[in-house]
Amino acid sequence: MKKTHTIDLSPIKRMKTSEMTSYLEFLLWHYRIVDAFWFLFVSEEFDLQTAERLNERVWEKVSGMAAKDILKRFQIKEKGLRGFVEAQRLFPWAMIIGYEIDEKADEVIISVPHCVPQEARVAKGLPEFSCKEMHRSEFVNFAKIVDDRIQVECLFAPPDPHPDHTFCTWRFTIAEDH
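For the sequence shown, my numbering begins at 56 and goes up steadily by one.
Shown next, in the form of structure tokens:
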């Protein structure tokens, strides 16, 4: 029989709501910091292109796993764009980055006005890294778990030129021929 490791939640169960909220903020911040240092150290040890390629593989895998878990844990049964948005709002990275989600009947637009990883690189004098294919993998795998009819279109993302007020914008629709 396979044993699974359970997470000890006893310290959290003793917390008040405000303490849990503070701890959740810490966890999300820490999640972002681990991701940032992982990327930075891989790019230093190898090169930027290797870090970008590995980042794409990691987020491709993680996003699908997260979507499955979110749908199950929060009992999201809705398909289509509404189900995608409901699940996406619970995806930790959507909270960390602060995705702006514009939901319409026939499309969803996700924009990123402030991208902490990219802003941190620019502040340190480093160039933006190419994240377009990583996010494409992330969004495609997340979306297909919710509903395989969802189509993902990148309007722009680094390395593409972008306006100062938005790093990337993605469009989600339902395939007509599906």
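Just so it is clear, CB atoms sit at the ideal spot from N, CA and C, and this is done for glycine as well. Every value quoted in this text rests on a predicted model; they were computed, and no experiment measured them.
In chain order, what residues of the same chain have a beta carbon less than 7 Å from the beta carbon of residue i, not counting five sequence neighbours either side?
| i | result |
| --- | --- |
| residue 169 | 153 |
| residue 110 | 94 and 189 |
| residue 114 | 189, 192 and 193 |
| residue 217 | 211 and 223 |
| residue 86 | 147 and 151 |
Within 10 Å of its beta-carbon, does residue i have 16 or more other beta-carbons around it, so buried, or fewer, so exposed?
| i | result |
| --- | --- |
| residue 88 | exposed |
| residue 70 | exposed |
| residue 225 | buried |
| residue 82 | exposed |
| residue 182 | exposed |
| residue 118 | buried |
| residue 64 | exposed |
Go ahead and pull the three-state DSSP assignment for residue i.
| i | result |
| --- | --- |
| residue 210 | strand |
| residue 224 | strand |
| residue 215 | coil |
| residue 152 | helix |
| residue 205 | strand |
| residue 180 | coil |
| residue 2 | Outside the shown range of the chain, which is 56 to 233, sits residue 2, and nothing can be said about it. |
| residue 14 | This structure leaves residue 14 out entirely; the chain is present only between 56 and 233. |
| residue 185 | coil |
| residue 169 | coil |
| residue 193 | helix |
| residue 174 | helix |
| residue 131 | coil |
| residue 137 | helix |
Per DSSP, which one or two residues make a beta bridge with residue i?
| i | result |
| --- | --- |
| residue 26 | Within the shown structure, residues of the chain are numbered from 56 to 233, placing residue 26 beyond reach of any answer. |
Please report the residue range of the alpha helix (DSSP H) in which residue i lies.
| i | result |
| --- | --- |
| residue 104 | 103–128 |
| residue 75 | 72–100 |
| residue 62 | Element bounds for residue 62: n/a, residue is neither H nor E. |
Output needed for residue i: all residues of its chain with C-beta closer than 6 Å, excluding positions within five of it in sequence on either side, in chain order.
| i | result |
| --- | --- |
| residue 208 | 226 |
| residue 214 | 185 |
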